[in-house]
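Novice: Residue numbers for the sequence shown follow our numbering, beginning at 213 and rising by one.
Handing you this structure, nothing more for now.
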Amino acid sequence: KIPVLENLEIKEAFSAFEFYKHILVSANGLTTCGKGLTFEQAHASAIMEYCERFSWMNYDIKNAPGYIEASYEEIKKAKTRTVDEDYFFCNFFGIKNKYPLLKKLKGIPMKWIKGYSFTNHCEYYYPIRWHNYIFGSNGLAAGNTYEEAIVQAICELIERECVYQFIVENKVANDVDIASIKNPLLAEIFDKLAKVKIDFKIKNISYEFEIPSFIFYGINNNFAGTILHKGVGHGTYLEPNQAIIRSVSEYLQAFSLLHDQVREKGFDLIYKPNKHYGFLVTFPHDNFYKSLEDVKVSEINDFSKSDFKEEAEFLIHLLAKMGYEVVIIDKTHPLLKIPVVRVFIPGFRSVIVSEVFDAEMFIIAAQNEALRAE
């Protein structure tokens with residue numbers, strides 16, 4: 213019924229595993245992929261991700277609340293809250309020339325819009341293009357309601373921060389006792405993984421947040437010596453089994469998509485040290501084999517509530533107690549009218565996007581954009 217989606221195509225693909233089906237949704241040159249251990253989960257996931265990405269890519273920046281082009285130095289003089297300067301290069305753990313680059317960056321005109329701090333109940337200036345550069349889609353989410361979208365987005369941000377701590381800071385994460393997982397969907401998929409010779413472990417990376425967060429680390433012995441041999445999936449949610457389902461689903465989805473590329477295009481990846489490509493991790497894998505103890509699922513907190521509003525309020529309150537501010541930008545597209553948000557938590561990091569790049573390339577991009585605006 214929406215003109216812009218008249219040519220929407222939904223495709224089912226079994227790909228690498230007979231027992232796993234991923235869903236591709238395509239329209240207007242944009243394709244998204246859904247994940248889940250059931251067809252219904254994958255179908256809903258693909259459609260929601262399409263709504264999320266379409267709304268993000270077609271966001272009308274210049275008509276957004278508070279739109280302004282200004283340097284960070286100018287924004288800091290305004291009365292509206294905004295980021296601290298540490299934010300700009302928070303993802304770049306190997307940066308050697310941070311302060312000269314920061315000095316240069318602070319004088320470059322950027323595009324800013326106003327979000328809303330649910331923590332401090334006030335407007336908040338947000339560097340929209342810079343954030344897109346260094347965080348990609350991290351913290352973007354769609355939902356049937358705004359509350360659902362906010363919960364999904366906060367969970368993703370917590371997940372990425374915990375992955376950063378595990379991968380970059382080498383924080384030890386305990387193994388989950390696989391035998392303690394009684395969820396029937398997971399029990400069924402684990403049995404199928406064993407039959408196709410995939411070994412795995414699940415790392416509990418909940419850390420100080422205590423929100424159930426996991427890395428599924430899969431070793432596919434059928435592809436030893438290839439880029440498909442070892443891979444990961446991540447998952448965070450307030451209920452442990454749902455978080456594990458997310459991590460397993462993400463592993464299967466990412467493996468299947470990469471398997472398709474290898475099969476159809478002969479795609480290969482040049483391994484560079486200390487990178488995280490989502491599924492592939494070229495950081496040393498030693499930390500996956502470190503654990504102080506095995507943790508039973510029943511020992512992991514279940515913070516799930518009766519509805520998404522309660523869950524959103526719980527997460528915002530929890531993060532506030534830890535000193536974190538939750539800022540929300542409404543990115544709902546006027547044609548789709550499906551709630552889409554970008555949630556932004558200053559101080560949170562993501563290893564999946566920006567360590568792949570040199571920080572200076574983002575400054576060059578910001579400079580070029582400023583020149584085009586003149």
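All C-beta atoms in this analysis are idealised placements derived from N, C-alpha and C, irrespective of residue type, glycine included.
1) Can you give me the Cβ contacts of N219 inside the same chain, cut-off strictly under 8 Å, excluding the 5 residues immediately before and after it?
2) Alpha helix (DSSP H) containing V375: first to last residue?
3) I'd like to confirm the pairing. Which residues does DSSP put opposite H446 in its beta bridges?
4) Quick check: the Cα distance between V474 and L352, rounded to an integer number of angstroms?
5) Does the beta-carbon distance from A228 to H471 come in below 8 Å?
6) What is the rounded straight-line gap between the Cα of V568 and the Cα of I346?
7) How do the segment 531-550 and the segment 504-519 stand: do at least 3 beta-carbon pairs fall below 8 Å, yes or no?
8) Determine, using beta carbons only, whether Y358 and P496 come nearer to each other than 8 Å.
9) Who are the near neighbours of F412 in its chain, counting only those whose CB is closer than 7 Å to its CB and skipping five residues on each side?
10) Closer than 7 Å by C-beta to F491: which residues in its own chain qualify, once you throw out the five before and the five after it? Chain order, please.
11) Per DSSP, what kind of secondary structure is R561 in: helix, strand or coil?
12) Beta-carbon separation of A258 and L236 under 8 Å?
13) Buried or exposed for H333, please, with buried defined as at least 16 other CB atoms from any protein chain shown within 10 angstroms of its CB.
14) By how many angstroms is the C-alpha of N270 removed from the C-alpha of Y299?
15) Measure from the alpha carbon of Q454 to the alpha carbon of each residue in K543, H234, Q364, then state which is nearest.
16) Could you compute how far the alpha carbon of K407 sits from the alpha carbon of Y232?
17) With a threshold of 16 other CB atoms inside 10 Å of the CB of R554, please say whether the residue is buried or exposed.
18) For L583 versus E523, is the C-beta distance shorter than 8 Å?
19) Are the CB atoms of Y376 and S503 within a distance shorter than 8 Å?
20) Run the CB neighbour count on P396, radius 10 Å, all protein chains shown included, and call it buried at 16 or more, exposed below.
21) As a quick exercise: from I320, Y463, E297, D272, pick the residue whose alpha carbon is nearest that of A578.
22) State the start and end residues of the unbroken alpha helix (DSSP H) segment that holds F251.
23) Distance check for G246 and A225, CA to CA, integer angstroms please.
24) Check D542 in the structure and name its three-state DSSP category.
25) Going by the DSSP bridge assignment, what does F412 pair with across the sheet?
26) When the Cα atoms are used, what is the spatial distance from E264 to F251?
27) For a quick check, are the C-beta atoms of E335 and K326 less than 8 Å apart?
28) Which residue from L313, T292, I390, T244 puts its Cα closest to that of I576?
29) Residues in the same chain with beta-carbon distance under 7 Å from Y501, minus the five sequence neighbours each way, listed in chain order, please.
30) Can you tell me whether Y279 is helix, strand or coil according to DSSP?
31) In whole angstroms, what is the alpha-carbon distance linking I439 and I410?
32) Alpha carbon to alpha carbon, what distance is there between N356 and R293?
33) Could you check how far apart the C-beta atoms of G278 and Y337 are, in whole angstroms? I think they sit under 8 Å.
34) State buried or exposed for N350, treating a residue as buried only when at least 16 other CB atoms are found within 10 Å of its CB.
35) Mind checking who A582 pairs with in its DSSP beta bridge?
36) With distances taken Cα to Cα, identify the nearest neighbour of I541 among D296, I362, F402, Y262.
Specialist: From the atom records:
1) The answer, listed in chain order, is A239, N240.
2) Here the alpha helix (DSSP H) through V375 covers 358-379.
3) In the DSSP output, where bridge partners are listed per residue, H446 has I427.
4) The alpha-carbon atoms of V474 and L352 are separated by roughly 29 Å.
5) Judged by their CB atoms, A228 and H471 are nearer to each other than the 8 Å cut-off.
6) Low per-residue confidence applies at V568: pLDDT is 48, beneath 50, and the placement is therefore not dependable, though the value from the model is reported in the following sentence. Here the alpha carbon of V568 sits roughly 10 Å from the alpha carbon of I346.
7) These segments do not touch.
8) It is not a contact, given that the beta carbons lie outside the stated cut-off.
9) L405, F428, Y429, G430, I431, listed in sequence order.
10) Excluding residues within five positions, the ones whose Cβ falls inside 7 Å are G443, V444, A466, F467, L470.
11) For R561, the secondary structure class from DSSP, reduced to helix, strand or coil, is coil.
12) Cβ distance < 8 Å, so A258 and L236 count as in contact.
13) Looking at its Cβ environment, which holds fewer than 16 other Cβ atoms inside 10 Å, H333 is exposed.
14) When the Cα atoms are used, Y299 and N270 turn out to be separated by approximately 25 Å.
15) It is Q364.
16) For K407 and Y232, the distance between alpha carbons rounds to 13 Å.
17) Burial is judged here by how many other beta carbons sit within 10 angstroms of a residue's own beta carbon; R554 has at least 16 and is buried.
18) Not in contact: L583 and E523 (Cβ atoms no closer than 8 Å).
19) It is not a contact, given that the beta carbons lie outside the stated cut-off.
20) With fewer than 16 other CB atoms across the displayed protein chains lying within 10 angstroms of its CB, P396 is exposed.
21) Comparing Cα-Cα distances from A578 to each of I320, Y463, E297, D272, the minimum goes to I320.
22) It spans 251-269 - the alpha helix (DSSP H) in which F251 sits, taken as one unbroken run.
23) Their Cα atoms are separated by approximately 11 Å.
24) Secondary structure of D542 (DSSP, three-state): strand.
25) F412 is bridged to G430.
26) Taking the straight line joining both Cα atoms gives about 20 Å.
27) Contact annotation: E335 and K326 have beta-carbon atoms nearer than 8 Å.
28) Residue L313 is the option with its Cα nearest to I576.
29) So the list is empty, once near-sequence residues are dropped.
30) If DSSP states are grouped into helix, strand and coil, Y279 belongs with coil.
31) When rounded, the distance between both Cα atoms is 15 Å.
32) Approximately 30 Å, taken between the alpha carbons.
33) A Cβ-Cβ separation of about 7 Å places G278 in contact with Y337 under the 8 Å criterion.
34) Looking at its Cβ environment, which holds 16 or more other Cβ atoms inside 10 Å, N350 is buried.
35) A582 pairs with nothing; no bridge assigned.
36) Among D296, I362, F402, Y262, the Cα nearest to that of I541 belongs to I362.
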